[in-house]
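Below you'll find the structure, written out as structure tokens, and then a few comments.
Protein chains: 2
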Amino acid sequence: MFSLLPELNGKKVLDLGCGAGGHLLHYMAMGAKQVVGLDLSQSMLEQAEKDFAKNGVDPTAYRFYCLPMEVLSTIAESDFDLVTSSFAFHYIKDLSALLTQISAKLKPQGQLIFSQEHPIVTCFKEGERWEKINKQQVAYRLNYYRDEGERDRNWFQQSFKTYHRTTATILNTLIQSNFTIEQVEEPMLADQVEWHNEFKDLQHRPSLLFIKSVKK
Amino acid sequence: MFSLLPELNGKKVLDLGCGAGGHLLHYMAMGAKQVVGLDLSQSMLEQAEKDFAKNGVDPTAYRFYCLPMEVLSTIAESDFDLVTSSFAFHYIKDLSALLTQISAKLKPQGQLIFSQEHPIVTCFKEGERWEKINKQQVAYRLNYYRDEGERDRNWFQQSFKTYHRTTATILNTLIQSNFTIEQVEEPMLADQVEWHNEFKDLQHRPSLLFIKSVKK
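Pasting the structure below:
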């Protein structure tokens with residue numbers, strides 16, 4: 001996602017779902033003047049505070065909030081040049097409401113850059129994800145793409161919900177929320193040519209969707 | 001695609017791959033002042049001329065060209081309010097070059113609306129398209145999505161070439177060609193609710209991609 005970033009010198013940046021603040025620390029290193037992070041995990045944010053202090057970042061230059069991004073409008077800071085979010089928007093039930101809040105926190109011409117699981121992945125409901133021959137993934141089993149809405153998921157016995165929206169819906173929701181689409185990417189997890197033989201099956205399906213947009 | 005059309009009263013419209021001119025006749029009925037069609041098929045265009053004459057359309061209000069759309073720049077007409085194209089762009093090898101010619105033929109703020117086979121479909125190389133159980137299509141076998149370029153196709157023994165581009169590439173090519181994305185749709189072939197039981201398998205995969213864009 002870093003390849004989509006604009007010049008950050010002197011900029012004010014908000015990261016939604018910032019985790020332990022790794023991205024925000026990187027933005028500071030790129031010259032950002034002020035950064036704000038939101039995350040649901042208190043322990044991640046404590047780690048972020050430690051890392052920022054350890055790196056000697058001016059304490060007035062950053063702030064972390066333990067909040068769901070759905071209540072973004074309640075934080076004091078505004079007039080951001082850039083809002084970023086990695087791999088989080090597919091957990092959001094009402095994308096339109098979130099985009100309205102993000103837009104309100106952005107300066108005019110401010111940018112929103114986010115990644116999420118690709119709709120080809122978020123549509124998954126049940127069964128095998130791949131058709132395999134001799135353990136080689138030969139085709140991704142795409143179904144229920146057009147059936148938008150809640151999905152029940154599991155990760156090591158832990159259940160959670162994600163929300164499937166088609167690519168068209170994501171783009172149109174952005175446009176209707178007064179954003180202009182600047183760039184769309186459907187990257188491989190491993191886009192380096194030297195990895196292609198090892199991850200050959202990834203050529204069959206994009207697993208991530210990156211979108212760069214600008215507030216009108 | 002008609003649902004994406006703007007108000008056409010008094011407008012000048014170009015249809016690329018116009019066939020027998022059905023869409024252009026519809027645009028005239030919607031109030032378009034002048035229409036131009038390009039198609040590779042002489043017999044289709046003869047049919048179009050007949051239909052326009054039969055419908056009593058003013059002969060100075062339309063013009064048909066038997067030309068590949070790749071040489072669009074050679075026609076005399078320009079300053080179009082709208083360019084449309086149905087189900088043709090996946091036959092075009094160099095989309096960027098075509099978009100440059102379309103842009104040159106459009107007025108500022110002129111619109112481009114097109115449909116094409118969805119990238120989920122154009123990526124197809126070989127083998128079965130669907131995994132079936134008891135003749136019911138249960139999963140679309142998606143592969144080679146990220147492998148862009150030429151595809152050899154067949155339709156009743158007739159071979160032809162199409163060109164696969166990812167959704168990201170199509171959108172970015174438009175943006176780089178100075179178009180702003182206004183709307184993206186991934187419609188079902190049968191979007192009417194009453195058809196859903198009959199065409200239930202179509203929920204698994206979008207077969208068409210519609211894009212509405214505007215020249216900056």
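Residue numbers (UniProt numbering), protein chains in the order written: chain A, 1 to 216; chain B, 1 to 216. Here a beta-carbon is modelled for each residue, glycine too, at the ideal position from N, C-alpha and C.
Go ahead and pull the three-state DSSP assignment for F124 of chain A. Reduced to three states, the DSSP call for F124 of chain A is coil.
Per DSSP, what are the beta-bridge partners of E131 of chain A in this structure? Looking at the DSSP assignment, E131 of chain A forms a beta bridge with A:A139.
Quick one: Cα of H26 of chain A to Cα of F52 of chain A, how far? 11 Å
Rounded to a whole number of angstroms, what is the C-alpha to C-alpha distance between A29 of chain A and N9 of chain A? Taking the straight line from one Cα to the other gives about 9 Å.
If you follow the beta strand (DSSP E) that G110 of chain A is in, where does it begin and where does it stop? 106-117
For a contact meaning CB atoms closer than 8 Å, what does I133 of chain A contact in chain B? Correct list: empty, because the minimum Cβ distance to chain B is about 11 Å.
Using the Cα positions of F177 of chain A and F156 of chain B, report the straight-line distance between them to the nearest angstrom. The amino acid occupying residue 177 of chain A in the given sequence is Ser; Phe does not appear at that position. Rounded to the nearest angstrom, the two C-alpha atoms are 46 Å apart.
Are any of the Cβ atoms in chain B nearer than 7 Å to that of Y163 of chain A? no
Just the chain B side, please: which residues come within less than 7 Å of N172 of chain A by C-beta, in chain order? Q183, V184
From the DSSP output, in three-state form, read off G149 of chain B for me. Judged by DSSP in its simplified three-state form, G149 of chain B adopts strand.
Find the residues of chain A that neighbour V138 of chain B, judging by a C-beta separation of less than 7 Å, and give them in chain order. N143
Mapping the DSSP letters down to three states, classify N172 of chain B as helix, strand or coil. In this structure, DSSP gives N172 of chain B a helical state, which the three-state scheme calls helix.
Can you tell me the Cα-Cα spacing of F160 of chain B and A88 of chain B, whole angstroms? 13 Å
For F114 of chain A, count neighbouring C-beta atoms within 10 Å of its own C-beta (all shown protein chains included) and say buried if the count is 16 or more, exposed if not. buried
CB contact below 7 Å: A168 of chain A versus chain B: It does; some Cβ of chain B falls within 7 Å.
Chain A within 7 Å of R204 of chain B, Cβ atoms only: Reading off the sequence, residue 204 of chain B comes out as His, not Arg. True, the Cβ-Cβ gap to chain A drops below 7 Å.
Would you verify that the beta carbon of T180 of chain B is, or is not, closer than 7 Å to some beta carbon of chain A? yes
By DSSP's criteria, R205 of chain A is part of a beta bridge. Which residues make up the other side? The partner list for R205 of chain A (beta bridge, DSSP) is empty, contrary to what the question assumes.
Residues in its own chain within less than 7 Å of K11 of chain B by CB, not counting five upstream and five downstream? A32, K33, D81, L82
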